[in-house]
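For the sequence shown, numbering that gives the first Met the number 0 begins at 0 and goes up steadily by one.
No residue lacks a Cβ here, since even glycine has one placed at the ideal position from N, Cα and C.
Keep in mind that this is a model prediction, so the values were computed, not measured.
Report on the structure given below.
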Amino acid sequence: MILNSEAIKPFDFDGLSIRDFTATLNTSSSLAHIRVLPHTSHRRAWSKESDKYYYVISGQLQFVLDAVEYTLKAGDVCIVSQGHKFSYANTTETPVDLLLIHTPKFNIDAEIFDE
Numbered sequence: 000m001i002l003n004s005e006a007i008k009p010f011d012f013d014g015l016s017i018r019d020f021t022a023t024l025n026t027s028s029s030l031a032h033i034r035v036l037p038h039t040s041h042r043r044a045w046s047k048e049s050d051k052y053y054y055v056i057s058g059q060l061q062f063v064l065d066a067v068e069y070t071l072k073a074g075d076v077c078i079v080s081q082g083h084k085f086s087y088a089n090t091t092e093t094p095v096d097l098l099l100i101h102t103p104k105f106n107i108d109a110e111i112f113d114e
């Protein structure tokens, strides 16, 4: 199966631009490209169902996992196990591109976001 990025329209999620390649497919995992614009962040959250695998394609990101802050750069991976709290922010002047895999597949009803 080939998934053409031009055929997948991005959607806005609190300022993040997300292309969910597997949203309409019956797959056991999900795959998305996330663009984090400068000075944009993902609020603290956790999943009741899935593990998340973040791969930094380009740029640099501040990632908080279980209240510990890390700096991730291109080529780095962050694994967020189900039930663990996380957030991230692009504090630079350059967009950050991430590849995100959810296993099992992303389910918005299983995601808990702090206000």
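Range covered by the beta strand (DSSP E) that runs through residue i
i: Lys116; result: Examination of residue 116 is not possible in this model, given that the chain is present from 0 through 114 alone.
i: Ala88; result: 85-89
i: Asp113; result: Asp113 -> no beta strand (DSSP E), and no H or E assigned at all.
i: Phe12; result: 10-12
i: Thr102; result: 95-102
i: Glu92; result: That residue, Glu92, is in no beta strand (DSSP E); it is neither H nor E in DSSP.
i: Glu5; result: Where Glu5 is concerned, there is no enclosing beta strand (DSSP E), given that its DSSP letter is neither H nor E.
Euclidean distance between Cα positions of residue i and residue j
i: His38; j: Asp75; result: 20 Å
i: Ile56; j: Leu98; result: 7 Å
i: Thr93; j: Arg34; result: 10 Å
i: Asn3; j: Thr23; result: 14 Å
i: Phe20; j: Ser27; result: 13 Å
i: Ala88; j: Cys77; result: 14 Å
i: Lys51; j: Ser86; result: 12 Å
i: Leu30; j: Thr91; result: 25 Å
i: His101; j: Ser80; result: 10 Å
i: Pro103; j: His83; result: 15 Å
i: Phe10; j: Leu60; result: 21 Å
i: Arg43; j: Tyr53; result: 15 Å
Bridge-paired residues (DSSP) for residue i
i: Ile78; result: Tyr52
i: Phe62; result: Tyr69, Tyr87
(request) Could you say if the segment 36-54 and the segment 99-110 meet the contact criterion of at least three C-beta pairs nearer than 8 Å? (result) yes
(message) Between the segment 10-20 and the segment 61-74, can you find at least three pairs of beta-carbon atoms closer than 8 Å?
(response) no
(message) Going residue by residue through the segment 13-53, where are the continuous beta strand (DSSP E) segments of at least 3 residues, counting only ones entirely within it?
(response) 15-19, 29-35, 39-46
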